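Undergrad: Line order of the protein sequences matches chains R and F. Following the numbering used here, the numbering of the first sequence begins with 479 at its first residue and continues without gaps. Following the numbering used here, the numbering of the second sequence begins with 482 at its first residue and continues without gaps. Built from N, CA and C at the ideal position, the CB exists for glycine as well. All values derive from a computational prediction rather than experimental measurement. The structure follows.
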Amino acid sequence: MKDDPNASGSEQTSELLILNDGNILVHNLTRTMAELLAELNPEDATMRQRARPEAGATIRDISADRHSL
Amino acid sequence: MIAVDSSSRKMALRAKVSSERASRARTMLADCRLCAHDCGVNRLAGEVGLCHAGATARFFSAQVEVSDELELIPTFAVALSGCDLRCDFCITGQSSWNARAGLGFDPGAMAVQARNALRNGAKTIMILGGEPTIHLPDVLEFISFLPDTARLVWKTNAHGSAQARELIAGLFDVYLADFKFGNDACAQRLAKVPDYIHIVRENLLWAAQDCDLIVRHLLMPNHLECCWRPVAEWLSANLPGIKVNLRSSFWPAWQTARHRELCEAVSAEESRAALCLARKLDLNLIS
């Protein structure tokens, strides 16, 4: 999928892995996907920041790219 | 001697310097020693080293992303195909192990995309792979087309050679390095790379002097004591205060089935213990 030429053009690519404990791992997170995940789980402060990175606040959380739904 | 702007830690006339270095880097491909494997093959004549990269770069992804460190996002991330390591757990293994994957990299055309991304709000331009070190001639040419004010991030496995360090010195604002393994045995077994620890440490110590250094460690299941602990202890002792991003998002991808202990995600207990160790060592954690 990642070496699909279409992934390099205007189309954007994110990959998700849903673990059996409900955690979701995300790779190549785009703004669109971050907005979707933030909407699905409004409690996820990290994802809210990634959906709106201009907010720019810094938090210290081990699971920056690991999100629970 | 090249002038360095000490306030921004960025080289004045970066585009011009990059252009000159790109030409030099291209001639170096005749006896390629860009990474620490030190193969010495003539890539200009079609020979390939351990990375299997040719004389020109290819890329498998170029898009604006928000999954990196908060201080870097949104970033326009350009992922070049091919790598000098062979990490069995590589999340982009198909393209990182295959230098022929993706599309041909046109530095000028990519710079147009990067400039557009900056105009549309990207804060940084990130060059990654695979491993970008093996494609330094094209990377340097790409930089030569970018505005001197663009904030550039070098995302690397920190396995570059002294020659590579010379070529990138002063050009990047952020050196974002993976410190994956805490001992040479795990590095050899999981990524087929010898003398890993010495090489990575050398690069990190250099990078800390050259620009803003961020060190990432991807916590691997069942590697807390053998990998994370020595990495954390070394960072604490040798690079105190350096920014560290401890990631618990291990993804059992690519060839992880070769290693039984990697065939799972990192447990919540391991994540907590890893974080606890980081705090005990007073690491400067960022996310």
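#1: Taking the CB atoms as reference points, tell me whether residue 515/F and residue 641/F lie closer together than 9 Å.
#2: Residue range of the beta strand (DSSP E) that residue 636/F falls in?
#3: Quick check on the burial criterion: 16 or more other C-beta atoms within 10 angstroms. Buried or exposed for residue 628/F?
#4: Mapping the DSSP letters down to three states, classify residue 756/F as helix, strand or coil.
#5: I'd like the list of long-range same chain contacts for residue 712/F, defined as Cβ closer than 7 Å, with 5 residues on each side in sequence excluded.
#6: So, with DSSP's three-state summary, where would you put residue 707/F?
#7: Report yes or no: is there a C-beta of chain R within less than 9 Å of the C-beta of residue 588/F?
#8: So residue 545/F contacts chain R; which residues on that side make the cut at Cβ distance below 9 Å?
#9: Report yes or no: do the segment 613 to 622 of chain F and the segment 569 to 579 of chain F share at least 3 C-beta pairs separated by less than 8 Å?
#10: Compare the beta carbon distance of residue 614/F and residue 579/F with 9 Å and say whether it is the shorter of the two.
#11: Near residue 754/F, what residues of its chain come up, given a Cβ to Cβ distance below 8 Å and the 5 sequence neighbours on each side ignored?
#12: Please tell me whether residue 497/R has its Cβ less than 9 Å away from any Cβ of chain F.
#13: Report the residue ranges of all alpha helix (DSSP H) runs contained in full by the segment 546 to 633 of chain F; include only those spanning at least 4 residues, in chain order.
#14: At 9 Å on the CB atoms, spell out the chain F contacts of residue 523/R, in chain order.
#15: In terms of alpha-carbon separation, which member of 694/F, 715/F, 540/F and 625/F lies closest to residue 679/F?
#16: If distances are taken between C-alpha atoms only, which option among 687/F, 504/F, 727/F and 742/F comes closest to residue 764/F?
#17: Should residue 555/F be flagged as near chain R, meaning a C-beta pair shorter than 9 Å?
#18: Quick check on residue 652/F: buried or exposed, where buried means 16 or more other Cβ atoms within 10 Å of its Cβ?
#19: For residue 505/R, which beta-bridge partners are listed by DSSP?
TA: Taking the geometry as given:
#1: Here residue 515/F refers to the residue found at position 34 of the second sequence. Here residue 641/F refers to the residue found at position 160 of the second sequence. Contact check for residue 515/F against residue 641/F passes: the beta carbons are separated by less than 9 Å.
#2: Translated into positions along the second sequence, residue 636/F becomes position 155. Element bounds for residue 636/F: 633 to 637.
#3: For the purposes of this step, residue 628/F is identified with residue 147 of the second sequence, where counting begins at 1. Exposed, since its Cβ has fewer than 16 Cβ neighbours within 10 Å.
#4: Locating residue 756/F in the second sequence gives position 275, where the first residue counts as 1. If DSSP states are grouped into helix, strand and coil, residue 756/F belongs with the helices.
#5: Along the second sequence, read from residue 1 onward, the residue named residue 712/F stands at position 231. Residues 660, 663 and 698 of the same chain have their beta carbon placed closer than 7 Å to that of residue 712/F, with the five preceding and five following residues left out of the count.
#6: Taking the second sequence and counting its residues from 1, the one referred to as residue 707/F is at position 226. Under the three-state reduction of DSSP output, residue 707/F falls in the helix class.
#7: If you number the second sequence from 1, residue 588/F lands on position 107. No, its Cβ sits nowhere closer than 9 Å to a Cβ of chain R.
#8: Mapped onto the second sequence, residue 545/F falls at position 64. By Cβ distance, chain R contributes 490, 508 and 509.
#9: The segment 569 to 579 of chain F and the segment 613 to 622 of chain F do not touch, with fewer than three beta-carbon pairs separated by less than 8 Å.
#10: Here residue 614/F refers to the residue found at position 133 of the second sequence. Here residue 579/F refers to the residue found at position 98 of the second sequence. No; because the gap between Cβ atoms is not below 9 Å, this pair is not in contact.
#11: Against the second sequence, residue 754/F aligns to sequence position 273. Taken in chain order, the residues that qualify are 705.
#12: Here the question's residue 497/R lines up with position 19 in the first sequence. The C-beta of residue 497/R comes closer than 9 Å to at least one C-beta of chain F.
#13: If only uninterrupted alpha helix (DSSP H) runs of at least 4 residues are considered, those enclosed by the segment 546 to 633 of chain F are 574 to 577, 588 to 600 and 617 to 625.
#14: The sequence position of residue 523/R within the first sequence is 45, counting from 1. Ordered by position in chain F, no residue passes the 9 Å Cβ test against residue 523/R, which lies about 11 Å from the chain.
#15: Here the question's residue 679/F lines up with position 198 in the second sequence. That would be 715/F, whose Cα lies nearest to the Cα of residue 679/F.
#16: One-based indexing of the second sequence puts residue 764/F at position 283. Minimum Cα distance to residue 764/F is reached at 727/F.
#17: On the second sequence, residue 555/F is found 74 positions in, with the first residue counted as 1. Contact with chain R is found for residue 555/F, since one of that chain's Cβ atoms lies less than 9 Å from the residue's Cβ.
#18: Taking the first residue of the second sequence as position 1, residue 652/F is located at position 171. Taking every protein chain shown into account, the CB of residue 652/F has 16 or more other CB atoms within 10 angstroms, so this residue is buried.
#19: As a working mapping, residue 505/R is identified with position 27 in the first sequence. Per DSSP, the beta bridge partners of residue 505/R are 493/R.
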